[in-house]
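Chemist: Residue 53 in full-length UniProt numbering sits at position 53 of the sequence shown; the count goes up by one each step and never skips.
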Amino acid sequence: GNTPLTIATYQNNLYLVKYLIKNGAKIDHKDYNGNTAIFIAYYHKKYEIFKYLFHQGANIYLTERYGNIYSEKYLLNIACKENNELIVTYLIDHGVDINKSDIKGETPLIISCRKLNTFLAKYLIDHGANINKKNKKGNTPLITA
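1) For L62, name the three-state secondary structure that DSSP assigns.
2) Can you give me the start and stop residues for the alpha helix (DSSP H) that L109 sits inside?
3) Comparing C-alpha positions only, which one of Y32, K51 and N33 sits nearest to A41?
4) At the level of alpha carbons, what is the spacing between D102 and I111?
5) Let me check one thing: in DSSP terms, what residues is K73 bridge-paired to?
6) Let's see if you can read the secondary structure: which residues bound the alpha helix (DSSP H) around T6?
7) Can you tell which of G138, L53 and T3 has its C-alpha closest to the C-alpha of H94?
8) Smallest Cα separation from T118: which of G24, T36, D97 and T144?
9) Could you tell me the distance, in whole angstroms, from the CA atom of N77 to the CA atom of N23?
10) Report the residue from G138, I125, C80 and H127 whose alpha carbon sits nearest the alpha carbon of K104.
11) Which term fits T63, buried or exposed, when burial requires 16 or more other beta carbons within 10 angstroms of its beta carbon?
12) Can you give me the Cβ contacts of R114 inside the same chain, cut-off strictly under 8 Å, excluding the 5 residues immediately before and after it?
13) Which word fits L142, buried or exposed, when buried means at least 16 other C-beta atoms lie within 10 angstroms of its C-beta?
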């Protein structure tokens, strides 16, 4: 369920988020939807809280298991799917894995090419994205575009 940290994040209360983290709140505790505070901050555009949680070591890659079905969330891929250039550039500038694949083998570059976002595709390539990495269907970013 919700925790004081997730509630403070929903309420955009950075002061309280900092206080809770400083006093031992579990930064990666999941709410009833399986989201942690950093995912809540992302989805609700609470970017100052997002940045704070990121720098405190919040996990930006989550996996869920529902019986035999696995689900995963990688914030960089989500931001690419949503054409969120602000968060994509922020995460890359702060060293996240630019070539990490999701469960379908999708990389941030493949997603950006599919979304026809030339700014993000160029940015990812300029920062070391592997242009030859294939997804599980065998498609490269060029084929995807």
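Glycine residues also receive a C-beta, built at the ideal position from the N, C-alpha and C atoms.
Modeler: On the basis of the data shown:
1) In the sequence shown, the residue the question calls residue 62 occupies position 62. Residue state, collapsed to three classes: strand.
2) For the purposes of this step, residue 109 is taken as the residue at position 109 of the sequence shown. First-last of the alpha helix (DSSP H) with L109: P108 to R114.
3) Translated into positions along the sequence shown, residue 41 becomes position 41. Checking every option, the nearest Cα to that of A41 belongs to K51.
4) By 1-based counting over the sequence shown, the position of residue 102 is 102. By 1-based counting over the sequence shown, the position of residue 111 is 111. Taking the straight line joining both Cα atoms gives about 11 Å.
5) The sequence position of residue 73 within the sequence shown is 73, counting from 1. Bridge partners of K73: L62.
6) Translated into positions along the sequence shown, residue 6 becomes position 6. From DSSP, the alpha helix (DSSP H) with T6 extends over P4 to Y10.
7) Stepping through the sequence shown from its first residue, residue 94 is reached at position 94. Ranking G138, L53 and T3 by Cα distance to H94 puts L53 first.
8) On the sequence shown, residue 118 is found 118 positions in, with the first residue counted as 1. Comparing Cα positions, the closest option is T144.
9) As a working mapping, residue 77 is identified with position 77 in the sequence shown. As a working mapping, residue 23 is identified with position 23 in the sequence shown. Near 31 Å, if we compare the C-alpha coordinates of N23 and N77.
10) In the sequence shown, counting from the first residue as 1, residue 104 sits at position 104. The candidate whose alpha carbon is nearest that of K104 is G138.
11) Here residue 63 corresponds to residue number 63 of the sequence shown, with the count starting at 1. When all chains shown are included, T63 counts as exposed.
12) On the sequence shown, residue 114 is found 114 positions in, with the first residue counted as 1. Closer than 8 Å at Cβ, skipping near neighbours: T144 and A145.
13) Here residue 142 refers to the residue found at position 142 when the sequence shown is read from its first residue. It counts as exposed.
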